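Just below is one structure, and these are the notes that go with it.
Protein chains: 2
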Amino acid sequence: MSQVFFDNIQQHIHLSEEEKELLLSYFKTKKIRKRQFLLEEGDVCKHSAFVLSGCLRCYFIDENGFEHILQFAVEDWWITDMMSIITQNPSRLNIDALEESEILLIKREDQTELLEKIPQLEKYFRIKTESGLAHIQSRLLENLSLPAKERYLNLMKKYPRIVEKVPQKQIASYLGITPEFLSKVRKELVKN
Amino acid sequence: MSQVFFDNIQQHIHLSEEEKELLLSYFKTKKIRKRQFLLEEGDVCKHSAFVLSGCLRCYFIDENGFEHILQFAVEDWWITDMMSIITQNPSRLNIDALEESEILLIKREDQTELLEKIPQLEKYFRIKTESGLAHIQSRLLENLSLPAKERYLNLMKKYPRIVEKVPQKQIASYLGITPEFLSKVRKELVKN
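In the order they appear, the protein sequences are chains U and D.
Under our numbering, the residues of the first sequence are numbered 1 to 192, in order.
Under our numbering, the residues of the second sequence are numbered 1001 to 1192, in order.
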């Protein structure tokens, strides 16, 4: 299972067998059931999670009770609440599983220690964070500028695995539209 | 002038005098006039910029010709188009100066080389990128959930230097409201 993780890391840096062993000793493997929470609003975010299998989502609930999904994470993606984990303030977000999932968890303080022991990993996390920043920047830009149909097409193009895997209701929430409207958009796309 | 930069770095890592000198040799100092562009939509983003003085903004123009500001950068902040710089695809964003500014510029390929020469800097850039990610995550969350008044109050609380420095028209564009509506919000706040 951890091969998924090593493959992801070794796209960017090379680790020796000893380093891999040391690295893994800082992580805990965890199975989470569908709908089980990894983080609940009001709690301080302690962990970053790497998804080995399954699918997680990060969302918040607005004052009218509507869910807004910020991010999905499928196999070989990272997920955390970056604001809460770096400030250690209570989170405004929830992270839960959309299906039974297996994840690798690391505590913030353990990550800091690990980075001291294997400084090369700084490069890996820097690159992963840059990529996360780029994606959320695009998401904000699309949210502010593109109509729902275009946003859906972009999601399909950029993250086909997510559109395949994630229930339509969740995709609609991510796009900020109703499931009915998404269904209309999909029918239109099939017709054209 | 570069003291601002070293102070920012040395909050996170320690550099020797030789390393500081090497570091600076990778940057170009540039003065940019008010309204001058650092990046224009359609160009590939080549540089990251650290602001020594002044104020820059990153924005895009939607199909109706409206400007949407994604980020301001005042003294000791970084600014770039992360998506364009890592993918080397043309940018959908513009970066320009709101007032005469002085910046330090580094090309992406020079940054890569610099990181090989001073690997400690990986930690600095990882932390800066984490912080950038956290802020844009909060911005997306607030955009989706909070009314304009709350978003303005949060901006004042979190970035008082920006609210002080940046013209009201720009603040309104950042908040996604008209300048008239912002003026109404401000009057209400003064009254209470």
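No residue lacks a Cβ here, since even glycine has one placed at the ideal position from N, Cα and C.
Model, not experiment: these values are computed from the prediction.
- Taking 7 Å as the upper bound on Cβ-Cβ separation, chain D lies near residues Met82, Met83 and Ile86 of the region 76-87 of chain U.
- Boundaries of the alpha helix (DSSP H) harbouring Asp110/U: Arg108 to Lys117, taken from the DSSP string.
- Leu1133/D counts as buried, since no fewer than 16 other beta carbons sit within 10 angstroms of its beta carbon.
- Following the DSSP letters along the chain, one finds Val1051/D in no alpha helix (DSSP H) but inside the beta strand (DSSP E) bounded by residues His1047 to Ser1053.
- DSSP lists Val44/U as the bridge partner or partners of Pro90/U.
- When C-beta distances to chain U are compared with 8 Å, the residues of the region 1062-1075 of chain D below that value are Asp1062, Glu1063, His1068 and Leu1070, in chain order.
- DSSP places His1068/D in the uninterrupted beta strand (DSSP E) bounded by Glu1067 to Val1074.
- Using a Cβ-Cβ cut-off of 8 Å, Leu1038/D does not count as an interface residue toward chain U, since no Cβ of chain U sits closer than that to its own.
- In the three-state DSSP reduction, Asp1007/D falls in the helix class (H, G or I).
- Our two residues, Glu1021/D and Lys1158/D, have alpha carbons roughly 33 Å apart in a direct line.
- Nearest CB-CB separation between Ile1136/D and chain U: below the 8 Å threshold.
- In the DSSP assignment, Leu1015/D falls outside any alpha helix (DSSP H) and carries neither an H nor an E.
- Short of 7 Å from the beta carbon of Tyr1124/D, and not among the five residues preceding or following it, lie these beta carbons of its own chain, in chain order: Ile1009, His1012 and Ile1013.
- Flagged as an interface residue toward chain U: Gly1132/D, by a C-beta distance shorter than 8 Å.
- Residues Ile1118 of the same chain have their beta carbon placed closer than 7 Å to that of Glu1019/D, with the five preceding and five following residues left out of the count.
- A distance below 8 Å separates the beta carbons of Cys1058/D and Ile1095/D.
- Under the Cβ criterion (8 Å, minimum of three pairs), the region 1132-1147 of chain D counts as touching the region 82-89 of chain U.
- Within the region 137-159 of chain U, the residues whose Cβ lies closer than 8 Å to some Cβ of chain D are Gln137, Ser138, Arg139, Leu140, Leu141, Asn143, Leu144 and Ser145, listed in chain order.
- In chain order, Lys149 place their CB closer than 8 Å to the CB of Glu188/U, counting only its own chain and leaving out the 5 sequence neighbours on each side.
- Short of 6 Å from the beta carbon of Arg1151/D, and not among the five residues preceding or following it, lie these beta carbons of its own chain, in chain order: Glu1142 and Leu1175.
- The CB of Pro119/U comes closer than 7 Å to the CB of Pro1119 in chain D, given here in chain order.
- Listed along the chain, the chain D residues whose CB falls inside 7 Å of the CB of Phe125/U are Arg1126.
- Burial state of Leu153/U is exposed, judged by a 10 Å Cβ sphere holding fewer than 16 other Cβ atoms.
- Think of a sphere of 7 Å around the beta carbon of Phe60/U: the chain D residues whose beta carbon falls inside it are Leu1141 and Ser1145, in chain order.
- Under the Cβ criterion of 8 Å, Thr178/U is not counted among the residues facing chain D.
- Chain U places a beta carbon closer than 8 Å to that of Glu1122/D, counting this residue as a contact.
- Annotated three-state conformation of Lys1158/D is helix, per DSSP.
- Contact between Phe1027/D and Ile1162/D does not hold, since their C-beta atoms are separated by about 24 Å, which reaches or exceeds 8 Å.
- For Arg1057/D, no CB of chain U lies under 8 Å from its own CB, so it is not counted at the interface with that chain.
- If the five residues before and after Glu122/U are omitted, its C-beta is found closer than 7 Å to the C-beta atoms of Leu115, all from its own chain and listed in chain order.
- Taking C-alpha positions only, Pro1179/D is separated from Pro1167/D by approximately 10 Å.
- In the DSSP annotation of this structure, the continuous segment of the beta strand (DSSP E) that includes Lys1031/D starts and ends at Lys1028 to Ile1032.
- Around the beta carbon of Ser1091/D, a 10 Å sphere encloses 16 or more other beta carbons of the protein chains shown; the residue is thus reported as buried.
- In the pairwise beta carbon analysis, the region 98-107 of chain U is classified as not touching the region 1096-1106 of chain D: fewer than three pairs are separated by under 8 Å.
- Classified as buried, Glu130/U has 16 or more neighbouring CB atoms from the shown chains inside 10 Å of its CB.
- Check the Cα spacing between His47/U and each of Arg186/U, Glu75/U, Thr29/U and Asp62/U: the tightest is with Thr29/U.
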